[in-house]
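Below is one structure, written out as structure tokens; the observations come after it.
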Amino acid sequence: MVGVQITKGPQDWQIIQQEEGFGVFEAEGRFFPPEGASADKLRVYARLVREEDGRSLGFWQMAEQTGADGWKTALRAPAGGPYRLETCLAAEGEPALEWGTRGDMRLHLGVGDLYVIAGQSNSAGYGKDPVYDPPELGVHLYRNCGRWDLAAHPMNESTDTIHPVNREGGNPGASPYLSFGKLLRRELGYPIGLLQTSLGGSPLCWWNPKEDGRLYRNMLEVVRSQGGKVKGVLWYQGCTDTTDQDSPTYLSRFREMVEGFRADMGAEVPFLTVQLSRLLGTWEYDNSRNWAAIREAQRRAALEIPGVSAVPALDGTMSDGIHISAAFCLVLGERLAMAALRNIYGKPGVPAAPELEKAFLADEKTAVFTFRNVQGRMFCYNCLPDITVWDEEGIVPAEGCELEGNTVRMLLSRPAKGRCKAGGGWEQDPKFPLPVDFNTHLPMLAFYEVPLEGSGEALHG
Numbered sequence: 000m001v002g003v004q005i006t007k008g009p010q011d012w013q014i015i016q017q018e019e020g021f022g023v024f025e026a027e028g029r030f031f032p033p034e035g036a037s038a039d040k041l042r043v044y045a046r047l048v049r050e051e052d053g054r055s056l057g058f059w060q061m062a063e064q065t066g067a068d069g070w071k072t073a074l075r076a077p078a079g080g081p082y083r084l085e086t087c088l089a090a091e092g093e094p095a096l097e098w099g100t101r102g103d104m105r106l107h108l109g110v111g112d113l114y115v116i117a118g119q120s121n122s123a124g125y126g127k128d129p130v131y132d133p134p135e136l137g138v139h140l141y142r143n144c145g146r147w148d149l150a151a152h153p154m155n156e157s158t159d160t161i162h163p164v165n166r167e168g169g170n171p172g173a174s175p176y177l178s179f180g181k182l183l184r185r186e187l188g189y190p191i192g193l194l195q196t197s198l199g200g201s202p203l204c205w206w207n208p209k210e211d212g213r214l215y216r217n218m219l220e221v222v223r224s225q226g227g228k229v230k231g232v233l234w235y236q237g238c239t240d241t242t243d244q245d246s247p248t249y250l251s252r253f254r255e256m257v258e259g260f261r262a263d264m265g266a267e268v269p270f271l272t273v274q275l276s277r278l279l280g281t282w283e284y285d286n287s288r289n290w291a292a293i294r295e296a297q298r299r300a301a302l303e304i305p306g307v308s309a310v311p312a313l314d315g316t317m318s319d320g321i322h323i324s325a326a327f328c329l330v331l332g333e334r335l336a337m338a339a340l341r342n343i344y345g346k347p348g349v350p351a352a353p354e355l356e357k358a359f360l361a362d363e364k365t366a367v368f369t370f371r372n373v374q375g376r377m378f379c380y381n382c383l384p385d386i387t388v389w390d391e392e393g394i395v396p397a398e399g400c401e402l403e404g405n406t407v408r409m410l411l412s413r414p415a416k417g418r419c420k421a422g423g424g425w426e427q428d429p430k431f432p433l434p435v436d437f438n439t440h441l442p443m444l445a446f447y448e449v450p451l452e453g454s455g456e457a458l459h460g
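Throughout the sequence shown, residue numbering follows numbering that gives the first Met the number 0, covering 0 to 460 in sequence.
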């Protein structure tokens, strides 16, 4: 060995979390003088270079010497990249450092924002159909093998994994997060790094530090291995919790996970979440109420827990009976990126999905629903919206509707009796179409068992 060796420092393709527009690359190692040279007269130098044009971010910086043949350094860089970390060995004061003795390099580095990928199969990426979603420089992935790479599908593949706790049973496919990273990188102008921790079929209890917590602990380990700071968490989970036992407590247990992670990170880390998609096919029993309870918990989490956002997924195509298609992964990734731009980065004018604002009975045969986040007008493709009203006798069928601005009026086929509730997009396979904002064509967030103001006595059952 001759020259400079990096024994600890950034990996090729690594993204480090920026703070106030800058990041610091730390590196250390050993040096080996050329034959005949005296070690005590040699010094290690390091610099960062922009790979796109070869311009240095500054002149060579002399590293701190540690022991007879050791060194360490820290190089500050603005948000951006890709950068190249170079080292060389030369006599102290040597003016022509470009001809110093060779040193190790690290390539394709970036300073940007890190996001954790967490949740179950649709987060792990089970889209099996083909779609054009190529890798892009500036969106990089920390893979399960413990190495950084250019991000590409499948992101949760398990080759040489060092985290067997989230090893998939089969080969995954496309996920929403390459699309997410590409849109954010384009809008922000600096790289996005993705930390993969998800696992298909995982229940919330595996992510909750107050329950089993096995995947939570793995997520912490991954984040801490990359500096212990992230910009946000990408969360898509809930199918496994659609049980009589788990769905009623989903919101409180999700809150425990969010609060636990924020406490461990020492920061109010944002969570970007996805409402459950649909479950296709014929089943032995209808589990719609549990699917609806999870979706409602996800809607309420975004309303009640600061820094939590939710985006809809009920209008997407499917790869199979429960997994969203690769094509819809592109759409969903962009929705999550838009939520990040709006709620994390404070970008103005970024649309959000329509969200129920108020539900009431205007009279005994008219249920009125108003929505926030409507840029144009509510639209339902000239069909009856998928909104259900229940009273003390059960479902009150609708015989028509009126849509105006941000308002949907459901015209009921009979007078509603007693205390009434309503749900929209609540079944495990909701009816098409859901109401959308015509300007953005974003569908409303699903809701369930929302009381109708102005209705009468308590509804039983």
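Glycine residues also receive a C-beta, built at the ideal position from the N, C-alpha and C atoms.
Note that this is a predicted model, so its numbers are computed, not measured.
Beta-carbon proximity check, G80 vs G137, cutoff 8 Å: Reading the sequence shown from its first residue, position 81 is the one you call residue 80. Reading the sequence shown from its first residue, position 138 is the one you call residue 137. Cβ atoms of G80 and G137: closer than 8 Å.
Tell whether a beta-carbon distance below 8 Å holds between P353 and M377. Counted from its first residue, the sequence shown places residue 353 at position 354. Counted from its first residue, the sequence shown places residue 377 at position 378. Yes, the Cβ-Cβ distance between P353 and M377 is below 8 Å.
Relative to the alpha-carbon of A151, which residue among F58, I15, A325 has its alpha-carbon at the smallest distance? Locating residue 151 in the sequence shown gives position 152, counting from the first residue. Checking every option, the nearest Cα to that of A151 belongs to A325.
Beta-carbon contacts of G265 that lie in its chain and below 7 Å, excluding the five residues immediately before and after: Reading the sequence shown from its first residue, position 266 is the one you call residue 265. For G265, where only same-chain residues beyond five positions count, there are no Cβ hits under 7 Å.
When you compare only the Cα positions, how much space is there between G180 and G332? Counted from its first residue, the sequence shown places residue 180 at position 181. Counted from its first residue, the sequence shown places residue 332 at position 333. If I take the Cα positions, the gap works out to 8 Å.
Own chain residues within Cβ distance below 6 Å of T248, not counting five before or after: Counting from 1 along the sequence shown, the entry for residue 248 is found at position 249. The answer is none, since no qualifying residue turns up.
According to DSSP, is C87 helix, strand or coil? Position 88 of the sequence shown, counted from the start, is the residue given in the question as residue 87. Three-state DSSP puts C87 in a strand.
Per the DSSP calculation, W389 is bridged to which residue(s)? Along the sequence shown, one-based indexing puts residue 389 at 390. Beta-bridge pairing links W389 to I394, K420.
Use the C-beta contact count for L279: other C-beta atoms within 10 angstroms, 16 or more gives buried, fewer gives exposed. In the sequence shown, residue 279 corresponds to position 280, counting from 1. Its Cβ having fewer than 16 others within 10 Å, L279 is exposed.
Between the CA atoms of M104 and K430 - distance to the nearest angstrom: Residue numbering aside, residue 430 sits at position 431 when the sequence shown is read from its first letter. Residue numbering aside, residue 104 sits at position 105 when the sequence shown is read from its first letter. A straight line joining the alpha-carbon of K430 with that of M104 spans about 56 Å.
Where E461 sits in the DSSP three-state scheme: What is shown of the chain runs 0 to 460, which leaves residue 461 out entirely.
Quick one: grab the DSSP three-state call for A445. Stepping through the sequence shown from its first residue, residue 445 is reached at position 446. It is coil, neither helix nor strand.
In angstroms with no decimal places, state the Cα-to-Cα distance between W389 and V395. The residue labelled residue 389 in the question sits at position 390 within the sequence shown. The residue labelled residue 395 in the question sits at position 396 within the sequence shown. If you draw a straight line from the Cα of W389 to the Cα of V395, it is about 6 Å long.
Which whole-angstrom value is the C-beta distance of G28 and Q4, which I expect to be below 8 Å? Start at 1 with the first residue of the sequence shown, and residue 28 comes out as number 29. Start at 1 with the first residue of the sequence shown, and residue 4 comes out as number 5. Going by Cβ atoms, the distance from G28 to Q4 rounds to 5 Å, so yes, they are a contact pair.
Just tell me which of P305, C238, D285, S201 has its CA closest to the CA of I293. The residue given as residue 293 occupies position 294 in the sequence shown. Nearest C-alpha to I293: C238.
Tell me the rounded alpha-carbon separation between Y233 and P269. For the purposes of this step, residue 233 is taken as the residue at position 234 of the sequence shown. For the purposes of this step, residue 269 is taken as the residue at position 270 of the sequence shown. Looking at the sequence provided, one finds Leu at residue 233 rather than Tyr. If I take the Cα positions, the gap works out to 9 Å.
What are the residues that DSSP puts in a beta bridge with E27? For this step, residue 27 is matched to residue 28 along the sequence shown. DSSP, once it has assigned bridges, lists K7, K71 as partnering E27.
Assuming L113 contacts R83 (C-beta within less than 8 Å), just tell me the rounded distance between them. For the purposes of this step, residue 113 is taken as the residue at position 114 of the sequence shown. For the purposes of this step, residue 83 is taken as the residue at position 84 of the sequence shown. Going by Cβ atoms, the distance from L113 to R83 rounds to 20 Å, so no, they are not a contact pair.
Note down the Cα distance separating L458 from R277, rounded to an integer number of angstroms. As a first step, residue 458 is located in the sequence shown; it is residue number 459 there, counting from the start. As a first step, residue 277 is located in the sequence shown; it is residue number 278 there, counting from the start. With a pLDDT of only 44 at L458, under the threshold of 50, the placement of this residue in the model should not be trusted; the figure read from the coordinates follows. L458 and R277: Cα-Cα distance of roughly 27 Å.
Those residues which DSSP pairs with A117 across a bridge: On the sequence shown, residue 117 is found 118 positions in, with the first residue counted as 1. Residue pairing for A117: DSSP places it in a beta bridge opposite W234.
Residues bridged to Q13 (per DSSP): Here residue 13 corresponds to residue number 14 of the sequence shown, with the count starting at 1. For Q13, which the question treats as bridged, DSSP gives no partner whatsoever.
Quick one: measure Cβ to Cβ for Y72 and Q64, integer angstroms, because I've assumed they're closer than 8 Å. Walking along the sequence shown from the start, residue 72 turns up at place 73. Walking along the sequence shown from the start, residue 64 turns up at place 65. Residue identity check: residue 72 is Thr in the sequence provided, not Tyr. Going by Cβ atoms, the distance from T72 to Q64 rounds to 10 Å, so no, they are not a contact pair.
Assuming F327 is part of the beta strand (DSSP E), what are its boundary residues? In the sequence shown, counting from the first residue as 1, residue 327 sits at position 328. Element bounds for F327: not the beta strand (DSSP E) but the alpha helix (DSSP H), 325-342.
Pick from S246, V367, T86 that is closest to L203, judged by C-alpha positions: Here residue 203 is taken as the residue at index 204 of the sequence shown, counted from 1. If we check each option's Cα against that of L203, S246 comes out closest.
Is it buried or exposed for N438, if we count other Cβ within 10 angstroms and need 16 for buried? The residue labelled residue 438 in the question sits at position 439 within the sequence shown. By the 10 Å Cβ count, N438 comes out exposed.
Coil, strand or helix - F58 by DSSP: Taking the sequence shown and counting its residues from 1, the one referred to as residue 58 is at position 59. F58 falls in the coil class under three-state DSSP.
From K416 to L271, what does the alpha carbon distance come to, in whole angstroms? Taking the first residue of the sequence shown as 1, we reach residue 416 at position 417. Taking the first residue of the sequence shown as 1, we reach residue 271 at position 272. Distance between the alpha carbons of K416 and L271: 39 Å.
Could you spell out the range, first to last residue, of the beta strand (DSSP E) harbouring D362? In the sequence shown, residue 362 corresponds to position 363, counting from 1. Segment 354-362, the beta strand (DSSP E) holding D362.
Who are M409's beta bridge partners in DSSP? For this step, residue 409 is matched to residue 410 along the sequence shown. BP columns for M409 point to A366, C400.
When you compare the segment 346-362 with the segment 444-455, are there three or more beta-carbon pairs, one atom per stretch, that lie closer than 8 Å? As far as the Cβ criterion goes, the segment 346-362 touches the segment 444-455, which means the pair count is three or higher.
Y249 lies in the alpha helix (DSSP H); which residues open and close that run? The residue you call residue 249 lines up with position 250 of the sequence shown. Y249 -> alpha helix (DSSP H) spans 249-264.
Span separating the alpha-carbon of E418 from that of P384: As a position in the sequence shown, residue 418 is number 419, starting the count at 1. As a position in the sequence shown, residue 384 is number 385, starting the count at 1. One point to set straight first is that residue 418 is Arg, not Glu, in the sequence displayed. Whole-angstrom Cα-Cα distance: 22 Å.
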